[in-house]
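Residue numbers (the working numbering): 8 to 152. Idealized CB from N, CA, C, for every residue including glycine. Note that this is a predicted model, so its numbers are computed, not measured. Take a look at the structure set out below.
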Ligand SMILES: [Zn+2]
């Protein structure tokens, strides 16, 4: 049994991630014992399974998890009404539903991704990046700070 946990280290460094991004090809039982948790809401409401996001239960806010999940499923979710996305995230727990509600713009927009409340923001982790807030989640997946 390996003593280092590359998946756990990756998540600690980079925040919530998809399986594709993780250095391990799977989540092991040991990873789960280390706190690796799957965000995998039931997505029957919009047809097919979404891309799962893995995170550390102790370390990561629901907002970070939901932001990564929205990004990972952007093409699938962009035509889905906000209330469905909020309900889907909320099926995992209320705090995820609340996070989705805060991340997505009000009902009535054509696409939840095309018009949010976008502000200029800086990376909380490195000094090198600033940009529109809707790009921060993406940057955090690549951030080396
Ligand atoms: Zn950064």
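query: Using the Cβ count rule (16 or more neighbours within 10 Å means buried), how would you classify residue 90?; result: exposed
query: Give the residues whose C-beta lies closer than 5 Å to at least one heavy atom of ligand 1, in chain order.; result: 130, 132, 133, 136, 150, 152
query: Within the same chain, show all residues whose beta-carbon is closer than 8 Å to that of residue 151, passing over the 5 residues directly before and after it, in chain order.; result: 133
query: Between the stretch 59 to 77 and the stretch 101 to 114, do at least 3 Cβ pairs fall closer than 8 Å?; result: yes
query: If we require 3 or more residues per run, which beta strand (DSSP E) segments fall completely within the stretch 46 to 121?; result: 60 to 63
query: Between 36, 19, 45, which has its C-alpha nearest residue 100's C-alpha?; result: 45
query: Quick one: what's got a C-beta closer than 7 Å to residue 42's C-beta in the same chain, skipping five residues either side?; result: 63, 64, 65
query: Taking residue 25 as part of the beta strand (DSSP E), name the residues at either end of that continuous run.; result: Per DSSP, residue 25 belongs to no beta strand (DSSP E) and is neither H nor E.
query: Could you pull the start and end residues of the alpha helix (DSSP H) that residue 149 belongs to?; result: 140 to 149
query: According to the neighbour-count rule (16 or more other Cβ atoms, all chains shown, within 10 Å of its Cβ), is residue 131 buried or exposed?; result: exposed
query: Comparing alpha-carbon positions, which option in 87, 15, 96, 102 lies nearest residue 76?; result: 96
query: Helix, strand or coil: how does DSSP classify residue 129 here?; result: strand
query: My assumption, with CB atoms under 8 Å, is that residue 137 sits in contact with residue 127. Please give the rounded CB distance.; result: 7 Å
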